[in-house]
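In this note's numbering, the protein residues as written are 313 to 536.
Even glycine gets a Cβ: it sits at the ideal position worked out from N, Cα and C.
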């Protein structure tokens, strides 16, 4: 089984090097998608042995991971490991996720199967719960952490669910997988809050969730 890791990174020059080193121990290739960074993210990634794909401008995590997925599909990989470049995801857990992928199409590392979710702020936890509930109800699945970006996919299954919405890619992709009866499982992985940068879950964005969720749901239920 040929395995590639995809690391979306935006201005992560301070953290991406150690993540690449830890990840490369468990996969055949590490691909860093530099999402329009203004710092030395791309140069640091290359210095640590990663293949680097550069975006001219910032597209967001959804756009970055889609580029990584397309790379995996074009290069005939069997499994894709998705890891954030900010150090929040510990590469030491990758073998457990890969093991779970032997019997699944999508493996999600869940903060809600342990106590690490308690470190997150109220608004962020509320947002995660909101999205997770929508996917569970509409997809007929039982997932605890649908927004987690620490994942493993079988490439043949991933090719069927490439997302179109960059803003809530994980929700769209997971709901689509559920509606297609793909095998989804979770593994308990502790993920501390990131020390730098800002979370996507703010009070302002939470107010817009119903409208955005309607777009995502219609995209999957009506147009797939």
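Asked                                                                                                                : Found
Closer than 7 Å: residue 388 CB and nearest the ligand NAD heavy atom                                                : Only the bare structure without any ligand can be found here, which leaves the ligand NAD out of the picture.
Short Cβ contact (8 Å threshold) for residue 335 with residue 395                                                    : yes
For residue 425, three-class secondary structure by DSSP                                                             : coil
Other residues of its chain near residue 474: CB distance less than 7 Å, five sequence neighbours each side excluded : 378, 381
Beta-carbon proximity check, residue 328 vs residue 344, cutoff 8 Å                                                  : yes
Short Cβ contact (8 Å threshold) for residue 479 with residue 374                                                    : yes
Distance between residue 455 and residue 469 (C-alpha atoms, nearest Å)                                              : 18 Å
Rounded Cβ spacing between residue 421 and residue 316 (contact assumed at less than 8 Å)                            : With a Cβ gap of about 17 Å, residue 421 and residue 316 do not count as contacting.
Simplified DSSP assignment, three categories, for residue 322                                                        : coil
Cβ neighbours of residue 432 in the same chain (closer than 7 Å, five flanking residues each side left out)          : 505
Rounded C-alpha distance that separates residue 403 from residue 452                                                 : 30 Å
Residue 459 classed as buried or exposed, judged by whether at least 16 other C-beta atoms fall within 10 angstroms  : buried
Option in 349, 496, 356, 372 with minimal Cα separation from residue 366                                             : 349
Buried versus exposed, by CB contacts within 10 Å (16 or more), residue 368                                          : exposed
Residue from 413, 417, 461 with nearest C-alpha to residue 495                                                       : 417
Neighbour-count burial assignment, residue 486, 16 or more Cβ in a 10 Å radius                                       : buried
Span separating the alpha-carbon of residue 500 from that of residue 493                                             : 22 Å
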